[in-house]
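Novice: Structure below; questions to follow.
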Amino acid sequence: MTAPKETRLILEHVDQPGYTTDIDCYLRHGGYEQLRKALTMQRADIINEVKTSGLRGRGGAGFGCGLKWSFIPPTNTKPVYLICNADESEPGTFKDRQIIHKDPHQLIEGMIIACYANNAHLAYIYIRGEFPLGAKILNRALDEARAHNFLGKNILGSGFDCEIYVHRGAGAYICGEETGLIESLEGKRPYPRIKPPYFPAVFGLYMSPTIVNNVETLCNVKHIIRMGGAEYAKLGKPNNTGTRILCVSGDVNKPGYYEFEVGSLTLGQLIHDVCGGIRNGNRLKAVIPGGSSAKVLRAGEKYKIKEKQSDGTLADKEITLEDIPMDFDTLAAVGSMAGSGGVIVMDHTRDMVEVLANINEFYAHESCGQCTPCREGSLWMKKITHRLTHGQGVANDPAVLKSVADNIAGRTICAFGEACAWPTQSFLAKFPEEFEQAAKMASAVNGSPKVDHSKAHDSAVALA
Amino acid sequence: MSAAAPITLSKKEIEIPADFIAEVDAIIARYPVSKRSASLMLLHAWQDRFGYITQQAVEWVAAKLELQPVNIYELVTFYPMFRLEKFGRTHIRVCRTLSCALAGSYELHKKFCEKTNAQGDPHGPMHSPDGEYTIEFVECLAACGSAPVCMVGDQLFESVKTDEQICNCLKHGA
Ligand SMILES: Cc1cc2nc3c(=O)[nH]c(=O)nc-3n(C[C@H](O)[C@H](O)[C@H](O)COP(=O)(O)O)c2cc1C
Ligand code: SF4
Ligand code: FES
Chain A
1 MTAPKETRLI LEHVDQPGYT TDIDCYLRHG GYEQLRKALT MQRADIINEV KTSGLRGRGG
61 AGFGCGLKWS FIPPTNTKPV YLICNADESE PGTFKDRQII HKDPHQLIEG MIIACYANNA
121 HLAYIYIRGE FPLGAKILNR ALDEARAHNF LGKNILGSGF DCEIYVHRGA GAYICGEETG
181 LIESLEGKRP YPRIKPPYFP AVFGLYMSPT IVNNVETLCN VKHIIRMGGA EYAKLGKPNN
241 TGTRILCVSG DVNKPGYYEF EVGSLTLGQL IHDVCGGIRN GNRLKAVIPG GSSAKVLRAG
301 EKYKIKEKQS DGTLADKEIT LEDIPMDFDT LAAVGSMAGS GGVIVMDHTR DMVEVLANIN
361 EFYAHESCGQ CTPCREGSLW MKKITHRLTH GQGVANDPAV LKSVADNIAG RTICAFGEAC
421 AWPTQSFLAK FPEEFEQAAK MASAVNGSPK VDHSKAHDSA VALA
Chain B
1001 MSAAAPITLS KKEIEIPADF IAEVDAIIAR YPVSKRSASL MLLHAWQDRF GYITQQAVEW
1061 VAAKLELQPV NIYELVTFYP MFRLEKFGRT HIRVCRTLSC ALAGSYELHK KFCEKTNAQG
1121 DPHGPMHSPD GEYTIEFVEC LAACGSAPVC MVGDQLFESV KTDEQICNCL KHGA
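Protein chains in written order, with my numbering: chain A, 1 to 464; chain B, 1001 to 1174.
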């Protein structure tokens, strides 16, 4: 079965020849028409359309967007803020970069509509520090939008005032976590806040109700206004509506970003048909399906899922890795997650201990350090996988690794704890023989290190 | 948290130009609810203009925002992008994370270091002796589909594999 065609809703104009980032080009392509329409609607009606659309957040957690918007307490008298999460730092994810660099006004239009719907008059785009050009492009686009009175006072005569500013991060992954982001935007270290009570919709920026949404999520809002929530919900599948940008990297012939209706294609179709198969004619070994925090899937595994029958009942079905439809619910049912849409593919030549060593180095570097299990555990896991890849481990390293990971998840302030434990837990569970082998080899040479640790280059994980 | 950065601040003092003050005031105006929110943006502005964060930078930004110096100091010691030492004229950031590592980014980092003779601990910024280059490993740059990638100054370079591409990167900053 060949793959279905791409449905480019968000990426429609991205990479289109002749399409530029200036407002004139955007206006020629129907830009800001949905803002005009939204400004004639009741706020509650917009939120209802977003609820009806079934849109789930594209930042990682897949939380219902309309539901999130309705969490602002009805009795609220404080100002409401909107924050666009453009921190895009989950390894394997590179979609928001495309939108920001190639179609910035689409994001800005989505944001102004979201501000209007939530009665927010001030919004920030929190963009990661490593996107300096993206920040410039957004600033220019915001200036253009101001000049056309899509922003500022009394927008298009509607009586609605709104301002959006760009705020730059400075290289810390934890700023992507929404409460860490808020702390950072308040000018502090990005230490995540404990929930409850600090749910952003109740106690967010400056202790006021705050909506935090991902770049891709906010772009979808514009299309929901255009199509209507019910029509939008026909894209994709029930509870998994709309389109999704899938970012594929690793050992495929044609890595890149592709947009499909959610769940319309399988992981096998994505890898083999869309991405041209595994490089060098190699065999598929493993896939991380939703950013580096998502649990790894092993080629050859079988999963049991529930499938809806024509009479509406649910029946058990056994599927392979290649059969997994790329939607939120199935990826959760097979024990991983759709996460941020970053799909990392590895072929049979890859050493899974080395892959995990690379991932663990990331999490050890990025832990904010507030919670002991995460701060110490991430470092500990990194040290163990590092020594396993350098002939310096001991026989019970895999067991210690597992126990460290098992003691992080569920014991921390923010979901980074899970994000750093899941790779270790899943790699150990799925590829136990590789870890045992590495520990055995390591024990054999223990005491006579193969490498000089002062030279990180020689000891760097040589994956390629 | 950044690993090998020094934690003592340079005592170098400079004259603050009037146009910088105007630039900073315009930034602060974007945070009508709390000036403190402007901290990161002010540090960026300082670093973009003067190269790195000094004792004077910390005290000046703090005074500007009516904060204690420690409120700024705790930021520059946390956020990896702020540097407390002079970098080479050309700053090269090589992505270290998985997709890039699979595509050979450790090799790429090594080649940059060899070609520029950059010295130091690869876990932190490495400087060439002539002061021209600083080479640094960074985490995922959100361009994993065209791995391996690096940034030269503000510019992203994708699928950097051949010697010619590497030389292009080195020339870009010059
Ligand atoms: C450690 C960590 C890192 C995160 N990084 C990002 C990120 O880079 N971008 C993003 O949009 N969401 C990120 N998130 C998810 C956000 O906390 C939040 O759920 C999201 O911005 C909500 O937007 P959405 O509902 O539109 O998806 C991260 C979460 C965690 C726990
Ligand atoms: S779980 Fe980790 S990243 Fe999250 S608050 Fe605790 S220490 Fe920080
Ligand atoms: S892993 Fe290098 S850009 Fe993402």
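For every residue, glycine included, the Cβ atom is placed at its ideal position computed from N, Cα and C.
Bear in mind that the values here come from a model prediction, so they are computed numbers and not experimental data.
1. Report, in whole angstroms, the separation of the C-beta atoms of T330 (chain A) and L55 (chain A), which I expect to be a contact under 8 Å.
2. Please report the distance separating the alpha-carbon of P449 (chain A) from that of K1115 (chain B).
3. DSSP state of F416 (chain A), grouped into three classes?
4. To the nearest angstrom, report how far apart L151 (chain A) and I408 (chain A) are at their CA atoms.
5. Taking only the alpha-carbon atoms, compute the straight-line gap between S367 (chain A) and M1081 (chain B) and give it to the nearest angstrom.
6. The beta strand (DSSP E) spanning T1090 (chain B) covers which residue range?
7. Cβ of Q370 (chain A) within 8 Å of any heavy atom in ligand 2?
8. Less than 7 Å between C-beta atoms, sequence neighbours within five positions excluded: which residues of the same chain meet that for S1128 (chain B)?
9. Determine whether the beta carbon atoms of I137 (chain A) and H167 (chain A) lie at a separation below 9 Å.
10. Counting only beta-carbon atoms, is T1116 (chain B) nearer than 9 Å to chain A?
11. Let me confirm a value: S53 (chain A) is counted as buried when at least 16 other C-beta atoms fall within 10 Å, else exposed. Which label applies?
12. Taking 9 Å as the threshold (C-beta atoms), are A86 (chain A) and G129 (chain A) in contact?
13. In the region 242-257 of chain A, which residues sit with their C-beta less than 7 Å from some C-beta in chain B, listed in chain order?
14. Below 8 Å on the Cβ atoms is my guess for N118 (chain A) versus V80 (chain A); work out the distance and round it to an integer in Å.
15. Let me check understanding here. Comparing Cα to Cα, which of B:D1130, B:F1112, B:T1054 lies closest to V1152 (chain B)?
16. Any chance the CB of T93 (chain A) is under 8 Å from a heavy atom of ligand 1?
17. How should D327 (chain A) be labelled, buried or exposed, when 16 other C-beta atoms within 10 angstroms of its C-beta is the threshold for buried?
18. Any heavy atom of ligand 4 closer than 8 Å to the CB of G341 (chain A)?
19. Using only the heavy atoms of ligand 1, determine whether one of them is closer than 8 Å to the beta carbon of K87 (chain A).
20. With the cut-off set at 9 Å, would you say E183 (chain A) and P192 (chain A) are in Cβ contact?
21. Using only alpha-carbon positions, find the residue among B:A1101, B:L1065, B:N1071 that is nearest to I1028 (chain B).
22. What is the residue span of the alpha helix (DSSP H) that F328 (chain A) lies within?
23. At a Cβ threshold of 9 Å, is E318 (chain A) touching chain B?
24. What does the alpha-carbon distance come out to for the pair K440 (chain A) and G393 (chain A)?
25. Taking 8 Å as the cut-off, does the region 317-324 of chain A touch the region 340-350 of chain A (at least 3 CB pairs, one atom from each stretch)?
26. Beta carbon of Y116 (chain A), beta carbon of F160 (chain A): below 9 Å?
27. By the criterion of Cβ-Cβ separation under 7 Å, what are the contact partners of D1154 (chain B) in chain A?
28. Determine the burial state of C1144 (chain B): buried for a count of at least 16 other Cβ atoms within 10 Å of its Cβ, exposed for fewer.
29. Any beta carbon from chain A within less than 9 Å of R1093 (chain B)'s own beta carbon?
30. Within its chain, find whatever has a CB closer than 7 Å to the CB of H13 (chain A); leave out the 5 residues flanking it on each side and keep chain order.
31. Does the CB of K188 (chain A) have a neighbour CB from chain C at under 9 Å?
32. Taking its Cβ as the centre, do 16 or more other Cβ atoms sit within 10 Å of K382 (chain A), making it buried, or is it exposed?
33. Just to check my reading of the structure: C65 (chain A) and G59 (chain A) have Cβ atoms closer than 8 Å, yes? What is that Cβ distance to the nearest angstrom?
34. Any beta carbon from chain A within less than 9 Å of P1069 (chain B)'s own beta carbon?
35. So, does the CB of P200 (chain A) fall closer than 9 Å to a CB anywhere in chain B?
36. Do G187 (chain A) and S1037 (chain B) have their C-beta atoms closer together than 9 Å?
Specialist: Short version:
1. Contact flag wrong, Cβ pair sits at about 18 Å.
2. In this prediction, P449 (chain A) scores a pLDDT of 42, lower than 50, which makes its location untrustworthy; no coordinate-derived value is stated.
3. Helix at F416 (chain A).
4. 45 Å
5. 16 Å
6. 1090-1095
7. Yes, the beta carbon of Q370 (chain A) sits closer than 8 Å to at least one heavy atom of ligand 2.
8. G1088, T1116, N1117, A1118
9. Their beta carbons are not under 9 Å apart, which means I137 (chain A) does not touch H167 (chain A) by this criterion.
10. no
11. buried
12. Result no, Cβ atoms of G129 (chain A) and A86 (chain A) do not sit closer than 9 Å.
13. C247, V248, S249, G250, D251, P255, G256, Y257
14. 5 Å
15. B:F1112
16. yes
17. buried
18. Among the ligands modelled here, namely ligand 1, ligand 2 and ligand 3, ligand 4 does not occur.
19. Note on identity: in this sequence residue 87 (chain A) is Asp, with Lys being the wrong assignment. D87 (chain A) Cβ: within cutoff of ligand 1.
20. yes
21. Looking at the Cα atoms, B:L1065 is the closest of the given residues.
22. 328-333
23. No - not a single Cβ of chain B is within 9 Å of the one on E318 (chain A).
24. 8 Å
25. no
26. Yes, the pair counts as a contact, with Cβ atoms nearer than the cut-off.
27. Chain order gives the chain A residues near D1154 (chain B) as P132, L133, where near means a beta carbon separation below 7 Å.
28. buried
29. yes
30. Y19, H29, D103
31. Absent here is chain C; the protein component of the structure consists of chains A and B.
32. buried
33. About 10 Å; that fails the 8 Å criterion.
34. no
35. Taking Cβ atoms only, chain B never reaches closer than 9 Å to P200 (chain A), which makes this a no.
36. yes
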